[in-house]
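If you count the sequence shown from 1, position 247 lands on 454 in my numbering, and the numbers rise without skipping.
Built from N, CA and C at the ideal position, the CB exists for glycine as well.
Each remark here refers to the structure printed beneath this line.
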Amino acid sequence: MPELPEVETIRRYLNLSIVNERIQKLEVLWAGSVVKAEPADVYNLKNQKINSIARKGKYLLFQLEDFDMVVHLRMTGQIYLNPQNPLEDHIRWVLYLQNGDKLYYRDVRKFGRLFLALKSQGARLSGLDKLGPEPWEITLEYWQDKLKSNRSIKLLLLDQRVISGIGNIYADEALFLAKIHPETKGKDLSSKQAAELLVAVRTVLDLGMRFGGTSFRDYVSGDGKKGNMQEKLLVYQKDGQLCPRCTKHIEKIKVGGRSSHFCPICQLKPRR
Ligand SMILES: [Zn+2]
Numbered sequence: 208m209p210e211l212p213e214v215e216t217i218r219r220y221l222n223l224s225i226v227n228e229r230i231q232k233l234e235v236l237w238a239g240s241v242v243k244a245e246p247a248d249v250y251n252l253k254n255q256k257i258n259s260i261a262r263k264g265k266y267l268l269f270q271l272e273d274f275d276m277v278v279h280l281r282m283t284g285q286i287y288l289n290p291q292n293p294l295e296d297h298i299r300w301v302l303y304l305q306n307g308d309k310l311y312y313r314d315v316r317k318f319g320r321l322f323l324a325l326k327s328q329g330a331r332l333s334g335l336d337k338l339g340p341e342p343w344e345i346t347l348e349y350w351q352d353k354l355k356s357n358r359s360i361k362l363l364l365l366d367q368r369v370i371s372g373i374g375n376i377y378a379d380e381a382l383f384l385a386k387i388h389p390e391t392k393g394k395d396l397s398s399k400q401a402a403e404l405l406v407a408v409r410t411v412l413d414l415g416m417r418f419g420g421t422s423f424r425d426y427v428s429g430d431g432k433k434g435n436m437q438e439k440l441l442v443y444q445k446d447g448q449l450c451p452r453c454t455k456h457i458e459k460i461k462v463g464g465r466s467s468h469f470c471p472i473c474q475l476k477p478r479r
């Protein structure tokens, strides 16, 4: 699933490519991919200018003159601007621009959604308004307060209401950097550990953006290219391989149903 660095990479590409362009039409090929709030509808979009493309957490927000178009890629959503090779299957919608550009949305599993609402109402319709702060907006005070919880730190990192944008890949990488076992309860982290974890989160997300995101299967960056972050990962999906720090083997366990990769020596299990 695309996480913050992947969605931000797409946003940056689209921001350079299609901002200030006007929409010709939105063609919907699978109706289930679009959620509308009346009176906003697909036919309203003709001649609308794309004023900007923002991101919050894992959501993309196309700010049009009179409407919001919010896109969440979920599991397998992909965005292609003017693909060089024709896309043959799993296309759910196509945004045609007046300059001839075509923005394709492809989604094999069909979990992704496009939310269409009047201007400033897209956040509520899409659930974007429920998101916690971005990792760079968080104060240490807020962070320590949110960690006062019986839930495991792994699940707290994945909770989009606590901190937005982190998924399984970057959660595992951040916990490894901060030397914290994924099953550690939030309330058992020292203030030093909490501070180090916040730094680690920002570090892995920055790295992810620098390398254009992580591409295991589905993610592409808008121009059809894959990212390179998968080559920089230290523990995610490395179970059975040697820890880059201590040379023990990386293990995989389930934490709250989510697979978690960690080093049993560098990330000691909390004693209790
Ligand atoms: Zn280790």
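May I have the straight-line CA-CA distance separating residue i from residue j, to the nearest angstrom?
| i | j | result |
| --- | --- | --- |
| E215 | S224 | 14 Å |
| G372 | R219 | 16 Å |
| N251 | H456 | 56 Å |
| L449 | L441 | 10 Å |
| F469 | Y266 | 28 Å |
| D496 | D296 | Absent from the model: residue 496. The displayed extent of the chain is 208 to 479, so no value can be given. |
| K546 | P389 | Nothing about residue 546 can be read from this structure; the chain reaches only from 208 to 479. |
| I286 | K355 | 38 Å |
| N357 | I472 | 23 Å |
| A385 | A407 | 6 Å |
| E234 | M208 | 25 Å |
| Q255 | P451 | 51 Å |
| Y426 | R281 | 11 Å |
| H279 | G319 | 5 Å |
| E458 | Y443 | 10 Å |
| I460 | F269 | 38 Å |
| L405 | G339 | 14 Å |
| R229 | G393 | 47 Å |
| F247 | L321 | In the sequence as presented, Phe is not what sits at residue 247; that position holds Ala. Those two C-alpha atoms are separated by around 12 Å. |
| R465 | G307 | 43 Å |
| G415 | P212 | 5 Å |
| E403 | E344 | 16 Å |
| Q367 | G264 | 8 Å |
| N292 | K309 | 13 Å |
| L221 | R478 | 48 Å |
| I260 | V226 | 7 Å |
| L236 | S397 | 51 Å |
| D379 | D395 | 18 Å |
| L325 | L412 | 32 Å |
| G329 | N258 | 15 Å |
| V462 | K253 | 47 Å |
Give the DSSP bridge partners of residue i, in chain order.
| i | result |
| --- | --- |
| E458 | F469 |
| R313 | Q285, I298 |
| I230 | L304 |
| V277 | L268, F322 |
| S333 | DSSP, once it has assigned bridges, lists no residue as partnering S333. |
| S359 | K392 |
| K243 | L323 |
| V235 | W300 |
Is it the case that the CB of residue i approaches a heavy atom of ligand 2 more closely than 7 Å?
| i | result |
| --- | --- |
| L354 | In the structure shown, ligand 2 is absent; the only ligands present are ligand 1. |
Please list, following the chain, all residues that have a C-beta closer than 6 Å to any non-hydrogen atom of ligand 1. Ordered along the chain, the selected set is C450, R452, C453, K455, C470, I472, C473.
Could you tell me whether the segment 297-316 touches the segment 359-372, using the rule of 3 or more Cβ pairs below 8 Å? Proximity of the segment 297-316 to the segment 359-372 falls short of the contact definition, fewer than three beta-carbon pairs being nearer than 8 Å.
Closer than 8 Å is the cut-off here; do at least three beta carbon pairs connect the segment 426-446 with the segment 342-351? no
With a threshold of 8 Å, are at least 3 pairs of Cβ atoms found where one atom belongs to the segment 312-320 and the other to the segment 243-258? no
Inter-stretch contact (C-beta, 8 Å, three-pair minimum) for the segment 418-425 and the segment 384-398: Contact between the segment 418-425 and the segment 384-398 is absent, because fewer than three Cβ pairs lie under 8 Å.
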